[in-house]
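**Q**
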Amino acid sequence: MSAAFNEYVLTTSLEQGWVTNEQADQVRVVLAANPAVAALDLMEEQQLLPGEHVKTLRELIAQAGGGTEQDSGVVRAYLEAAVQMGASDLHLGPDAPALVRIHGQLNPLEGANARVLSKVETEQLARSFLNPKQTARVEEHGSIDFCYDAEGICRFRTSVVRQRRGWESVFRVISSRIRTMDELGLPPVLKTLTRYHNGLVLVTGAVGSGKSTTLAAMVDHINKERKDHIITLEDPIEYVFTPAGCQVSQREIGTNSQSFSSALRASLREDPDVIMVGEMRDLETISLAITASETGHLVLGTLHTSTAARTLDRLLDVFPIDQQAQIRTMVSESLRGIVCQQLIPRKDGHGRALALEVLVNNPAVGNLIREAKTFMLPGVMQTGKKLGMRLMDDSLQELLDQNMITPEEAYRRAENKKAFAAAFAGQLK
């Protein structure tokens, strides 16, 4: 327990006349034996402090910077251990032990006999690394997302929420080094997509499928190959780019701009060549991105979709019906390519394998987009392999043939499940 915290609580309580000199010894015992927030709760339960005084103390502590030095040290220790274990995420939630996600699976950080964290502890741990403004936002709105820089360890995309059982913090590890496209095993066609000087390139997939890592590699490739102005719009900023050949401006939504749409609109007046939109969430952002891609900018964006056909449907269906014919024409001309990806647990348990679907725009693809026949795209992609196109099922089959993933994983993630049913059935025998 932090001696500074103990002294602060005891001194404030005495100065305000909340406890007598006779009660001070009891307060000292409670403070010495319990975590900060638990100590305050216990003093309230034992009627050493009335509830309104406990509330006042909490507010004063929050204004002073959140939790104790000890609590902050506990969070750092958890984060350091997670990074050393190669985890992608750390969860500190109530009524559960500290959990880490490794190769897609959540497990207790400290093993099978790990201690369960109470709601009092998880709230205090969260308050220990949040600044007063961030704490106030969680208290008022129930959640906050931001990038937390644990000096000497790593940067983390962080989410703190108030859920039914209490406060929960989730940390996503952000590598300090941007991996190259070759290191990630991305196909050469993705480098071709980065060489366009206008148009729209979309990287899609579920949460945790590596979209941010792929986008960062593509932006860094542009940064090293060209002499342009790159603007990234992110929520929050994850990878930090060091200007190489390009000037790189990074803006964080919520900190440097109110929304993706307002940031994108402003960026068009800042002489950009390449714009990376962290998430295309709404009609206005998508509309601005399509317009920017038509007016001489290369726009890189993300959507939470699983195939190229679904990506186009999601992109176009946000528009009113009376505008869709015009938007389809615009997209058919401005789209450069779509990359859909999944990260699949390897069969040997060591890491995850990348499965990709790649669509490259050509006259046949553009014609299907204009005619609203996106359901026919898989056929065109099958015949466009020389251009670098591939279907997700073909990528899954390739990983299966290389014995990198199990038939069960391939079956679960396939579009045409019949093609993988026999292999899956054979695994069950």
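Residues 0 to 428 in numbering that gives the first Met the number 0 are what the sequence shown lists, from first letter to last.
Just so you know, even glycine gets a beta-carbon here, dropped at the ideal spot from N, CA and C.
Since the structure is predicted, the reported quantities are computational estimates derived from the model, not experimental observations.
Could you tell me which of T405, L315, A424 sits nearest to K372, measuring between CA atoms?
**A** Within the sequence shown, residue 372 is the residue found at index 373, counting from 1. Cα-wise, what sits closest to K372 is L315.
**Q** Between D281 and the rest of its own chain, which residues show a CB-CB distance below 8 angstroms, the 5 nearest in sequence each way excluded?
**A** Walking along the sequence shown from the start, residue 281 turns up at place 282. The residues are F259, S260, V317.
**Q** Judging by CA-CA distance, which residue of V160, Q83, E150, G165 is the nearest neighbour of P119?
**A** Here residue 119 corresponds to residue number 120 of the sequence shown, with the count starting at 1. Note that residue 119 corresponds to Val in the displayed sequence, not to Pro. For the residues V160, Q83, E150, G165, the minimum Cα distance to V119 belongs to G165.
**Q** Are there 16 or more other CB atoms within 10 angstroms of the CB of G65, so buried, or fewer, so exposed?
**A** In the sequence shown, the residue the question calls residue 65 occupies position 66. Reliability fails at G65, whose pLDDT of 47 lies under 50, so the model's placement of it is uncertain and no value is given.
**Q** According to DSSP, P187 sits in a beta bridge with which residue or residues?
**A** Sequence index remark: in the sequence shown, residue 187 carries index 188 (1-based). BP columns for P187 are empty, so no partner.
**Q** Buried or exposed for H52, please, with buried defined as at least 16 other CB atoms from any protein chain shown within 10 angstroms of its CB.
**A** One-based indexing of the sequence shown puts residue 52 at position 53. That one is buried.
**Q** With DSSP run on the structure shown, which of helix, strand or coil describes F170?
**A** To locate residue 170, count along the sequence shown from 1; it is residue 171. F170: strand per DSSP, three-state reduction.
**Q** Use the C-beta contact count for A63: other C-beta atoms within 10 angstroms, 16 or more gives buried, fewer gives exposed.
**A** Here residue 63 refers to the residue found at position 64 when the sequence shown is read from its first residue. Reliability of the predicted coordinates at A63 is poor, the pLDDT of 47 falling under 50, and the value obtained from them is presented with this limitation in mind. By the 10 Å Cβ count, A63 comes out exposed.
**Q** Considering only their Cβ atoms, is the gap separating R335 from G204 smaller than 7 angstroms?
**A** Taking the first residue of the sequence shown as position 1, residue 204 is located at position 205. Taking the first residue of the sequence shown as position 1, residue 335 is located at position 336. Going by C-beta atoms, G204 is not nearer than 7 angstroms to R335.
**Q** Looking at A216 and R154, is the spacing between their C-beta atoms short of 7 angstroms?
**A** Against the sequence shown, residue 154 aligns to sequence position 155. Against the sequence shown, residue 216 aligns to sequence position 217. Against a cut-off of 7 angstroms, the Cβ pair of A216 and R154 comes out as no contact.
**Q** Between which two residues does the alpha helix (DSSP H) holding P433 run?
**A** Limits of the chain in this structure are 0 at one end and 428 at the other, which puts residue 433 out of reach.
**Q** Just to confirm, are T121 and P93 a CB contact at a threshold of 7 angstroms?
**A** Locating residue 121 in the sequence shown gives position 122, where the first residue counts as 1. Locating residue 93 in the sequence shown gives position 94, where the first residue counts as 1. It is a contact, given that the beta carbons lie within the stated cut-off.
**Q** Measuring only the C-alpha atoms, how far is V169 from S117?
**A** Position 170 of the sequence shown, counted from the first residue, corresponds to residue 169. Position 118 of the sequence shown, counted from the first residue, corresponds to residue 117. In a straight line, the C-alpha of V169 is about 16 angstroms away from that of S117.
**Q** Taking the runs of the alpha helix (DSSP H) that are 4 residues or longer, which of them lie wholly in the region 258-321?
**A** Qualifying alpha helix (DSSP H) stretches, in chain order: 259-266, 282-293, 307-316.
**Q** When the Cα atoms are used, what is the spatial distance from A324 to R369?
**A** In the sequence shown, counting from the first residue as 1, residue 324 sits at position 325. In the sequence shown, counting from the first residue as 1, residue 369 sits at position 370. Looking at the two C-alpha atoms, the distance is approximately 7 angstroms.
**Q** If I follow the unbroken beta strand (DSSP E) through I368, where does it start and stop?
**A** Here the question's residue 368 lines up with position 369 in the sequence shown. No beta strand (DSSP E) contains I368, which is instead part of the alpha helix (DSSP H) from 362-369.
**Q** Looking at C-beta atoms only, is the number of pairs between the region 285-305 and the region 173-187 that lie closer than 8 angstroms three or more?
**A** No contact exists between the region 285-305 and the region 173-187.
**Q** Which full runs of the beta strand (DSSP E) of 3+ residues lie inside the region 332-401, going along the chain?
**A** Listed in chain order, they are 334-344, 351-359.
**Q** Find out if the Cβ-Cβ distance for the pair A111, V99 is shorter than 7 angstroms.
**A** As a working mapping, residue 111 is identified with position 112 in the sequence shown. As a working mapping, residue 99 is identified with position 100 in the sequence shown. Not closer than 7 angstroms, so no.
**Q** To the nearest angstrom, how far is it from the Cα of L189 to the Cα of S142?
**A** Locating residue 189 in the sequence shown gives position 190, where the first residue counts as 1. Locating residue 142 in the sequence shown gives position 143, where the first residue counts as 1. Roughly 36 angstroms separates the two Cα atoms.
**Q** I'd like to know if the region 124-134 and the region 204-214 are in contact, where contact means that at least 3 CB-CB pairs between them fall below 8 angstroms.
**A** The region 124-134 vs the region 204-214: no contact.
**Q** When you compare each of Q246, E237, L129 to I252 by their alpha carbons, which one comes out closest?
**A** Residue mapping note: residue 252 aligns to position 253 of the sequence shown, counting from 1. The shortest Cα separation from I252 among Q246, E237, L129 belongs to E237.
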